[in-house]
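This report refers to the structure that appears directly beneath it.
There are 2 protein chains.
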Amino acid sequence: MKPIKVGLLGAGTVGAGTFNVLQRNQEDIRRRAGRGIEIAMVAARNLERARGIVGPNVEVVNDPFAVVNNPEIDIVVELIGGYELPRELVLRAIANGKHVVTANKALLAQHGNEIFAAAHEKGVMVAFEAAVAGGVPIIKALREGLTANRIESVAGIINGTTNFILSEMRDKGLDFATVLKEAQALGYAEADPTFDIEGVDAAHKLAIMSSIAFGIPVQFDKAYVEGISTLQAQDIRYAEQLGYRIKLLGITRRSVVDGVEGIELRVHPTLIPAGRLIANVEGAMNAVLVQADAVGSTLYYGKGAGSEPTASAVIADLVDVTRLATVDPYCRVPHLAFQPDEMNDVPVLPMSEIRSSYYLRVYVKDQLGVMADLTRILADAGISIDAVLQKEPGELQTRTDIIIITHQTSEKLVDAAIAKFEQMPAVEGKVVRIRLESLS
Amino acid sequence: MKPIKVGLLGAGTVGAGTFNVLQRNQEDIRRRAGRGIEIAMVAARNLERARGIVGPNVEVVNDPFAVVNNPEIDIVVELIGGYELPRELVLRAIANGKHVVTANKALLAQHGNEIFAAAHEKGVMVAFEAAVAGGVPIIKALREGLTANRIESVAGIINGTTNFILSEMRDKGLDFATVLKEAQALGYAEADPTFDIEGVDAAHKLAIMSSIAFGIPVQFDKAYVEGISTLQAQDIRYAEQLGYRIKLLGITRRSVVDGVEGIELRVHPTLIPAGRLIANVEGAMNAVLVQADAVGSTLYYGKGAGSEPTASAVIADLVDVTRLATVDPYCRVPHLAFQPDEMNDVPVLPMSEIRSSYYLRVYVKDQLGVMADLTRILADAGISIDAVLQKEPGELQTRTDIIIITHQTSEKLVDAAIAKFEQMPAVEGKVVRIRLESLS
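If you read the protein sequences in the order shown, they are chains A and B. So the first sequence is numbered by the UniProt record's numbering: it starts at 1 and just counts up by one. So the second sequence is numbered by the UniProt record's numbering: it starts at 1 and just counts up by one.
Below you can see the structure in the form of structure tokens.
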């Protein structure tokens, strides 16, 4: 059988990795796929650079539309990044009857529903294993490996930059700004790190996983997103003393509030018991923990970014698409795990409705009755306490930190209690509130 | 579309789990698969018990051949266990043009090559996700998720019974026999635990993964198998002091000896650095660590046994088979990851040819020059030392343990050195030798 022809949009880090891995392992890949996979055309801004990667035998062009409109191309691999141009290119490729592989989580988080609908209508595949957790086959696991299950929750460390920063803050006791500079110097954080450190990248990935797990549309716009840029070193230390690690988690979970089902969809710093496997995922690594009714907990771990780990996922998709390119679309795995006419409309819950445990740090004047007042406010709100840590004031100091860990409760109750804390004369400044998940 | 009809062979723990999960989640499963999956017939030894599980609407029979010969049945699920009867049933089902799903690792380890050849010839699928690591989709990850990669090694905790025993021995400082009794009382070990504790079950699973990882036939008969029944509590303690945990690992790895490629295939107790994620997999849990050239290290973790975790994998296979039941066989994933005419014949290496690091415990008379003699023997053999731990003799004692950890070397060199150790007048009894893998 003739090799399947692939057109590459973008010859950056992942594009180069995809070309190199396809070249290096072409024999093993052909022996698996039963058919060669050949990059036949590349669109790149920098032609010289692209030619340096793919050599003289692959056509290199500036215009990405020349690739998606080329009738010789069977599969388009979109590795440009961003939203609007990729959207236009992917929709054009689909309209031209081509299959698409993309690593672009931002694109799918924003325009996934439109793109999957177009692909379904045209009978082509849009594959996106590389969009979440790099080379870890988590999309395949959720979408095909766990089809027996009612999935209850997905919780993931799905941004390597922030996990590297948090690991370094904990290891070295440094503050956020210092570690961010180090991460930028080492190439673990970008010059403009906003998308990573503010949790947006993680929320893109989480919105995709949530859709696959629960059979709902991709709803990035409904996600709650809180990053790590305001996290303080002392809270990492206190958490450690209480037996927890702080990770930036993306969490999506079924929840029933007053008998009504909803979906939690949230990214924020989270305390996790230090003994959990996922709490021990360090540096730039990714891990996703899935809880489901039949299988229980499963965890998937590996490199979430980088040239060849991401290329690994892109090529796995190319092999899948190559195998299924010509079969009846009904025989393929649905893009979002559930058949398109079988999706759910369970709503995403507002944050006031979610349930969690909480770490609260209150900076107080060291005077009689403060603890009694704080715990009375919690008791009156029906919030029960799991642990308390009161630091002795330093020498010559008259203020100190009180840390309270609550049992599971609702976010709106905690926010109301915090508002009362902050009205107490003995309480100084804002209360620090970090969510806590036992993940048991 | 009408539901696909499934015939169940065996209504034990996994059979009941499969029926129950299919019932409970039938709507979610149908919404994913695009077609209902219906258990239409069950063969079981105990008809009463089987009827108690599946109710009055499913035909229950004693004769499993009545299921595999029933023209109404599309997919046969083999959950009987053992070798010969399942082999006959599976081959008959294939000959009758039925797809097969099995959780039977012993069957595939012994007769897999014959079964897959027959299935290929007939154009039907034999799916076996449940045969390795229970509900963890490791077969799918290796076979489909990592197709871009040259896989370098697979190392797994793939037997929950032994991992439970080792976790308890370490936690409580108890000896093997005591913990085995506890495990039997708790249902974590069978009345005849031989297959588990002697590593045979792990070797079955490892032989299957090795085949998929490297594109070689299933070669359980070439596996080296060493269990945990002779492991002593003191070696677990010493390992801990040196920063290691002892796990029963199944390891399969590409290796080049004198320029010739071979495959290591071995199950044995193994020291692992305590900081590694896989070293922290405790109790009856399973985990598989895969090293591959593009993606690097990935790890897959979850419950490796039990009714519903195993059913989760059986049903995931049923969904896959349901989707692909009618497509051209060439469009399906090959049984052993590589196309049948593209398999390798890289040989499995004898143990003398493998490379590993080693933990050696030597029981010696506490006299001058013993350490010098031991280390001289290693130096002469070209074996370099990574760490040494010499315990002071207890009060009134004249003998003590010396523990030596070597760098990576070849097994035959270590065995020769051990033979020399045991000829030394100061050395008493046999030297304890446990392999050590850094898994970096």
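Built from N, CA and C at the ideal position, the CB exists for glycine as well. Fair warning: this is a prediction, and the values are worked out from it, not measured in the lab.
**OP:** Closer than 8 Å by beta-carbon distance: list the chain B residues that pair up with Pro-309 of chain A, in chain order.
**Re:** Your numbering for residue 309 of chain A matches position 309 in the first sequence. Going along chain B in sequence order, the residues near Pro-309 of chain A (Cβ under 8 Å) are Ala-294, Val-295 and Gly-296.
**OP:** Answer yes if the region 255-272 of chain A comes into contact with the region 210-228 of chain A, meaning at least three C-beta pairs across the two stretches below 8 Å, and no otherwise.
**Re:** yes
Original post:
Do we get a CB-CB distance below 8 Å when we pair Pro-137 of chain B with the residues of chain A?
Top reply: One-based indexing of the second sequence puts residue 137 of chain B at position 137. When Cβ-Cβ separations below 8 Å define contact, Pro-137 of chain B makes contact with chain A.
Original post:
So, is the C-beta of Val-327 of chain A closer than 8 Å to a C-beta in chain B?
Top reply: As a first step, residue 327 of chain A is located in the first sequence; it is residue number 327 there, counting from the start. Yes, its Cβ sits closer than 8 Å to a Cβ of chain B.
Original post:
For Asp-320 of chain A, which residues in chain B fall below 9 Å Cβ to Cβ?
Top reply: As a first step, residue 320 of chain A is located in the first sequence; it is residue number 320 there, counting from the start. Those are Glu-144, Thr-147 and Val-333, listed as they occur along chain B.
Original post:
Between Val-290 of chain B and the rest of its own chain, which residues show a CB-CB distance below 6 Å, the 5 nearest in sequence each way excluded?
Top reply: Within the second sequence, the letter at position 290 stands for residue 290 of chain B. For Val-290 of chain B, where only same-chain residues beyond five positions count, the Cβ hits under 6 Å are Val-154 and Thr-298.
Original post:
Which residues, in chain order, does the region 331-358 of chain B contribute to contact with chain A at a C-beta distance below 8 Å?
Top reply: Cys-331, Arg-332, Val-333, Pro-334, Ala-337, Phe-338, Gln-339 and Glu-342
**OP:** State yes or no: is the C-beta of Arg-245 of chain B within less than 8 Å of the C-beta of Arg-361 of chain B?
**Re:** For the purposes of this step, residue 245 of chain B is taken as residue 245 along the second sequence, with counting starting at 1. For the purposes of this step, residue 361 of chain B is taken as residue 361 along the second sequence, with counting starting at 1. No, they are not a contact pair.
Original post:
Within this structure, are the beta carbons of Ala-133 of chain B and Asn-286 of chain B separated by less than 8 Å?
Top reply: Looking up residue 133 of chain B in the second sequence gives position 133. Looking up residue 286 of chain B in the second sequence gives position 286. Contact flag set, yes.
**OP:** For the region 234-254 of chain A and the region 134-154 of chain A, state whether three or more C-beta atom pairs, one from each stretch, are separated by less than 8 Å.
**Re:** yes
Original post:
Taking the C-alpha atoms as reference points, what is the distance between Gly-187 of chain B and Val-314 of chain B?
Top reply: Here residue 187 of chain B refers to the residue found at position 187 when the second sequence is read from its first residue. Here residue 314 of chain B refers to the residue found at position 314 when the second sequence is read from its first residue. Distance from the CA of Gly-187 of chain B to the CA of Val-314 of chain B, rounded to the nearest whole angstrom, comes to 22 Å.
Original post:
Three or more beta-carbon pairs under 8 Å between the region 365-380 of chain B and the region 388-406 of chain B, yes or no?
Top reply: yes
**OP:** Answer yes or no: do Gly-173 of chain B and Ala-233 of chain B have a C-beta to C-beta separation smaller than 8 Å?
**Re:** The sequence position of residue 173 of chain B within the second sequence is 173, counting from 1. The sequence position of residue 233 of chain B within the second sequence is 233, counting from 1. Against a cut-off of 8 Å, the Cβ pair of Ala-233 of chain B and Gly-173 of chain B comes out as a contact.
Original post:
For Val-21 of chain A and chain B, any beta-carbon pair shorter than 8 Å?
Top reply: As a position in the first sequence, residue 21 of chain A is number 21, starting the count at 1. Contact of Val-21 of chain A with chain B is assigned, a C-beta pair being separated by under 8 Å.
**OP:** Sort B:Phe-164, B:Tyr-363, B:Phe-116 and B:Phe-128 by Cα distance to Glu-392 of chain B and report the nearest one.
**Re:** As a working mapping, residue 392 of chain B is identified with position 392 in the second sequence. The shortest Cα separation from Glu-392 of chain B among B:Phe-164, B:Tyr-363, B:Phe-116 and B:Phe-128 belongs to B:Tyr-363.
**OP:** Answer with yes or no whether the minimum CB distance from residue 443 of chain B to chain A is below 8 Å.
**Re:** Only positions 1 to 440 of chain B appear in this structure, which leaves residue 443 of chain B out of reach.
**OP:** To the nearest angstrom, report how far apart Glu-168 of chain A and Glu-428 of chain B are at their CA atoms.
**Re:** Stepping through the first sequence from its first residue, residue 168 of chain A is reached at position 168. Stepping through the second sequence from its first residue, residue 428 of chain B is reached at position 428. So the alpha carbons of these two residues sit roughly 48 Å apart.
Original post:
How would you list, in chain order, the residues of chain B whose beta-carbon sits under 8 Å from the beta-carbon of Ile-29 of chain A?
Top reply: Position 29 of the first sequence, counting from 1, holds the residue named residue 29 of chain A. By Cβ distance, chain B contributes Thr-147 and Ala-148.
**OP:** May I have a chain-ordered list of the beta strand (DSSP E) segments no shorter than 3 residues that lie completely inside the region 39-65 of chain A?
**Re:** Fully contained in the region 39-65 of chain A are the following beta strand (DSSP E) runs of length 3 or more, in chain order: 59-61.
**OP:** Please decide whether Arg-32 of chain B counts as near chain A, where near means a Cβ-Cβ distance under 8 Å.
**Re:** Along the second sequence, one-based indexing puts residue 32 of chain B at 32. It does; some Cβ of chain A falls within 8 Å.
Original post:
Whose C-alpha, out of B:Asp-328, B:Lys-205 and B:Pro-273, is nearest the C-alpha of Val-288 of chain B?
Top reply: What you label residue 288 of chain B is simply residue 288 of the second sequence in a count that begins at 1. When only C-alpha atoms are compared, the closest one is B:Lys-205.
Original post:
Which chain A residues sit within Cβ distance under 8 Å of Ser-316 of chain B?
Top reply: One-based indexing of the second sequence puts residue 316 of chain B at position 316. Strictly speaking, residue 316 of chain B in this sequence is Ala, with Ser absent from that position. Under the 8 Å cutoff, chain A gives Glu-144, Gly-145, Leu-146, Thr-147 and Ala-148.
**OP:** Go to His-111 of chain B, then tell me how far its alpha helix (DSSP H) extends in each direction, as first and last residue.
**Re:** On the second sequence, residue 111 of chain B is found 111 positions in, with the first residue counted as 1. Where His-111 of chain B is concerned, the enclosing alpha helix (DSSP H) stretches over 105-122.
Original post:
Going by DSSP, which residues form a beta bridge with Asn-286 of chain B?
Top reply: Here residue 286 of chain B corresponds to residue number 286 of the second sequence, with the count starting at 1. Looking at the DSSP output, Asn-286 of chain B sits in a beta bridge with B:Gly-302.
Subject >> Below-8 Å beta-carbon distance, Ser-312 of chain A vs any chain B residue >> reply: Residue 312 of chain A sits at position 312 when you count from the first residue of the first sequence. Ser-312 of chain A counts as touching chain B.
Original post:
Is the beta carbon of Ile-165 of chain A less than 8 Å from the beta carbon of Ile-212 of chain A?
Top reply: For the purposes of this step, residue 165 of chain A is identified with residue 165 of the first sequence, where counting begins at 1. For the purposes of this step, residue 212 of chain A is identified with residue 212 of the first sequence, where counting begins at 1. Remark: C-beta atoms of Ile-165 of chain A and Ile-212 of chain A do not approach each other more closely than 8 Å.
Subject >> Chain-ordered residues of the UniProt domain "ACT" (359-435) of chain A with a beta carbon less than 7 Å from chain B >> reply: none
Subject >> Span of the alpha helix (DSSP H), counted from its first residue to its last, around Leu-206 of chain B >> reply: For the purposes of this step, residue 206 of chain B is taken as residue 206 along the second sequence, with counting starting at 1. It spans 200-214 - the alpha helix (DSSP H) in which Leu-206 of chain B sits, taken as one unbroken run.
Subject >> Any 3 or more C-beta pairs closer than 8 Å across the region 267-284 of chain A and the region 123-130 of chain A >> reply: no
Original post:
Closest to Gln-241 of chain B by CA distance: which of B:Asp-380, B:Pro-350 and B:Gln-390 is it?
Top reply: Reading the second sequence from its first residue, position 241 is the one you call residue 241 of chain B. For the residues B:Asp-380, B:Pro-350 and B:Gln-390, the minimum Cα distance to Gln-241 of chain B belongs to B:Gln-390.
**OP:** Quick one: give me the first and last residue of the alpha helix (DSSP H) that Lys-172 of chain A is part of.
**Re:** Locating residue 172 of chain A in the first sequence gives position 172, counting from the first residue. First-last of the alpha helix (DSSP H) with Lys-172 of chain A: 160-172.
**OP:** Decide if Arg-332 of chain B is buried, meaning its Cβ has at least 16 other Cβ atoms within 10 Å, or exposed.
**Re:** The sequence position of residue 332 of chain B within the second sequence is 332, counting from 1. Buried, by the Cβ-count rule.
Original post:
chain B partners of Asn-280 of chain A, CB-CB under 8 Å?
Top reply: Counting from one through the first sequence, the residue named residue 280 of chain A turns up at place 280. Per Cβ cutoff of 8 Å: Leu-277 and Asn-280.
**OP:** Report yes or no: is there a C-beta of chain A within less than 8 Å of the C-beta of Arg-323 of chain B?
**Re:** The residue labelled residue 323 of chain B in the question sits at position 323 within the second sequence. By this cut-off, Arg-323 of chain B is an interface position.
Original post:
Got a sec? Which residues, its chain only, sit under 7 Å from Pro-141 of chain B by beta carbon, not counting five neighbours each side?
Top reply: For this step, residue 141 of chain B is matched to residue 141 along the second sequence. Here the sequence assigns Ala to residue 141 of chain B, which means Pro is not the residue at that position. Taken in chain order, the residues that qualify are Tyr-300.
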